[in-house]
Amino acid sequence: QNEEKWDFVLVSDIHEMGSEKEIKRKKFLDELSKKGFTIKKIEDTKLFYGVRAPQHIFWKYQRLLTNPDRRQQNSNTQQDVPMTTRIRVVQFILQNTVTSDLEKLHYLMKKKVFEAAFPLHEKEEITKILKKKWARWRVLFKEQPIEEIRSYFGEKVALYFAWLGWYTYLLIFAAVAGLATVAAGATVFSSSQVSKEICDANNTIMCPLCDQNCSFWVLSDTCTYAKVTHMIDNEATVVFAMFMAIWATVFLELWKRERATVATSWDLNGWDDEEEELALQLINNPQHEPQRYQHSYFRSTIVLILAVLMIVVLIGIAHALVIYRAVAMALFMQSEVNLLNKHADTIAVMTGAVLHYLTIIIMTKVRSHQGPWALLPFPEKPRTFSQGENNFTVKIFIFQFFTNFSSLIYIAFFLGRINGHPGHYVRIAGHWRLEECHPSGCITDLFIQMAVIMLLKQTISNIMEYLIPWVTHQLRKKKKRPKKRSMMLGEEEEAEDPCKKQWLKNYELNEVNVFSLFNEYLEIVIQYSFTTIFVAAFPLAPLLALINNVIEIHMDAIKMMRLRRRMVPRKAKDIGIWLQVLEAIGILAVIGNGLVIAITSDFIPVQVYKYMYSPCTRQNHTGMDCSTGYINNSLSVFHIRDFEPHTKVLPEFNGVQIKEYRDYRNADDYTYTIQFWHIFAARLAFLILFEHVALCVKLIAAWYIPDVPQKVKNQILKEKYEHLCKEL
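Residue numbering for the sequence shown follows UniProt numbering, starting at 1 and increasing by one per position.
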């Protein structure tokens, strides 16, 4: 059957004749008719208007946007306009058509004059190919048909999938390195000298972890925790952190090459989004004046202040989580339930992580319901669509970044460092003590927090991301199907319009908006931050990301092909502002991992001990592990008589005078020892060294791998040369 092609479908409720909405709708459709559009009306439970643009619009588009030298070759032949271009041009004209009341489609949809406007999914060969090779679960490990994606969804979506595929492919190397790091840690699981000392410390009595009803405890009780910590926190982690810093750079450099190849094969090098937007404005309205560039320092200052306020609010939320953990820890410690008081610290960390995940979800919902531009109460006036999109991307990314990372930053760099010491604890509201780190370091807390958040994000969030569109699609189908009328005797069954079925089917799908693709990008870029920034504390992050992405690619494909209306195909020659965002994350990754190893991990204190304080420095012990005695050395002595008056000490310990806690302080006046300052200096020195070396290696990698492959450069050179020869 040869169905007529329609570029766009507008859907509206059936309004009463002469009502305000009906008049507004008529005015809008009249404007389209004036521009030469063909409009077809089909009535069902709603009114459907098929819209087809006149051919001369696309001829103008081609004349304005083809290269001048090509224009002479085929000035008389009119090429066929690809469907993606047709949809893009028609969508632009629909959005920018102004009625006699100076109202645009966007405003009319707000006022419920129109309910929806969308291009149709085609019933063609290409749809079959995409559904067979791409939008199904069976083809998980097959290559994506990027060319077909491009000719159906446009360059922007195709580049997203090309980038996601490339990132997923390179994650294999990071995942293998992460697994190797964990495996290396597992070999020292029981043999690490430091955890051996903790396991053997049967008579090292430690200060209580809370004020009321907490007894002193024996260090060897936390044997398993210490073993786990040293599985994550060892020399291999330092190498892995360095590897990931280089990996992030190599990934971006190789992607730039991949993009250059793709852009050349799609003939996008001469294309410019600003020029296209101007051309479309002129086609729509020949009297259009371009909007000039403007920059207001006042506006920028306001935006900056609001952005800082927003970050402060998010840091406030992180503080709330800190308070939760301190209070939960105290309550679990006093609990009657044996399991709770025995593992109070781990349970507090776990529940804190789940709470953090919930705040991430809530803040994301708040952001998406506020609508794209309402994130800042003083939005900029973007000059072009792409500029608006870039501003929006940066703001939302900062918002999401702080939502996701504020709590992790606290655990990595502040936990156990700002809580004072026995006899002089820092308290919340003068009541609850801040948490302490375990004697073998804080890195396990960070490991647990990251593991919980990544696992929850990748299981629950992904299931919801697929289920919600699927369920809404099923519900829409049920709701929209009209009841079949029972046939009256002798009544002729009227012929069903072939378009009706297709339009209804498309209308039943879930709606898409301009930011549907943006949300997919945001999800993956936040995941990329988890995979690189604190990866030293959680070497399994790349593996989780890899598993997630293999599923994500096909989940997005199924959503786009089967559950959602067709996206308006957009042109683009790269992934836009996201590249700068990824480069910024790459630099943060170097700083973050340097800080994790220097501050969170016990790597530096152990090294300082080995080379300055251990038995090895005093005499030559060839067969001895130089970290012997480290745990005893890292604990300080505390006199029970110096406890704050309201601390209840259980009676059985009243006779014993001396207890220990993790810090480098003098026994008499509790000031820092010289070793504390040695370690502090070593941490700083390591941090500066690590970051400079990693950044130098990044720069060398960026120089070593050219952004544009030679083949592509030579092809562009050849085209220029042939053009000049011809002119000559």
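For glycine and all other residues, C-beta sits at the position ideal for the given N, C-alpha and C.
Predicted, not measured: the structure shown is a model, and the values here were computed from it.
For Phe251, the secondary structure class from DSSP, reduced to helix, strand or coil, is helix.
For Asp497, the closest C-alpha among the options Val313, Lys40, His295 and Met17 is that of Lys40. Boundaries of the alpha helix (DSSP H) around Val157: Glu155 to Thr187. For His431, there is no enclosing alpha helix (DSSP H), as DSSP marks it with neither H nor E. Annotated three-state conformation of Lys46 is coil, per DSSP. With a threshold of 16 other beta carbon atoms within 10 Å, Gly623 falls short and is exposed. Beta-bridge partners of Lys40 (DSSP): Gly50. In this structure, Ser296 is the residue among Phe48, Leu94 and Ser296 with its C-alpha nearest to the C-alpha of Pro382.
The three-state secondary structure of Val98, taken from DSSP, is coil. Going by DSSP, Phe643 is part of no alpha helix (DSSP H) at all; its letter is neither H nor E.
The beta carbons of Leu47 and Asp7 sit no closer together than 9 Å. For the 9 Å CB-CB criterion, Ile443 and Val596 form a contact. Taking 9 Å as the cut-off, the beta carbon of Val239 is found closer than this to the beta carbon of Thr181.
When His554, Asn419, Phe405 and Tyr507 are compared, the shortest CA-CA separation from Tyr528 is found for Phe405. If you ignore the 5 residues before and after Lys698, its C-beta comes within less than 6 Å of the C-beta of Thr249, all in its own chain and listed in chain order. Each of His554, Tyr425, Glu520 and Gln619 was checked against the Cα of Asp211, and the nearest Cα belongs to Tyr425. Residue pairing by DSSP places Ser190 opposite no residue, since no beta bridge is assigned to it.
Scanning His230, Lys35, Met567 and Asn506 for the CA closest to the CA of Thr99 turns up Lys35.
It is roughly 44 Å from the alpha-carbon of Thr84 to the alpha-carbon of Ser407.
For Ser516, there is no enclosing beta strand (DSSP E); the residue is part of the alpha helix (DSSP H) that begins and ends at Ser516 to Thr532. Three or more beta-carbon pairs separated by less than 8 Å link the stretch 556-570 to the stretch 149-157, which places the two stretches in contact.
Per DSSP, reduced to three states, the secondary structure at Glu660 is strand.
Glu520 and Val712 have their C-alpha atoms roughly 29 Å apart. Excluding the 5 residues flanking it on each side, Ala135 has same chain C-beta neighbours closer than 8 Å at His554, Ala557, Ile558, Met560, Met561 and Arg562, in chain order.
Residue nearest to Ile411 within the set Ile396, His438 and Thr628 is His438 (criterion: CA-CA distance). Secondary structure of Asn510 (DSSP, three-state): strand. 9 Å or more divides the Cβ of Leu159 from the Cβ of Ala545. Distance from Pro542 to Leu164 at the Cβ level is roughly 15 Å; contact not present, criterion being Cβ atoms closer than 8 Å.
Ranked by Cα distance from Tyr661, the options Phe686, Ala682, Leu684 and Ile631 are led by Ile631.
Three or more Cβ pairs closer than 8 Å define a contact, and the stretch 600-613 falls short of that threshold against the stretch 305-314. With contact defined as three or more Cβ pairs closer than 8 Å, the stretch 212-231 and the stretch 190-197 are in contact. Taking each of Ala536, Phe530 and Ala537 in turn and checking the Cα distance to Asn548, the smallest one comes out for Phe530.
For Phe189, the closest of Ile205, Tyr225, Tyr167 and Thr261 by C-alpha to C-alpha distance is Tyr225. DSSP places Trp271 in the coil class of the three-state scheme, outside both helix and strand. Contact holds between the stretch 100-111 and the stretch 19-29, because three or more Cβ pairs, one in each stretch, are under 8 Å apart.
Burial check for Thr45: the Cβ neighbour count within 10 Å stays below 16, so the residue is exposed.
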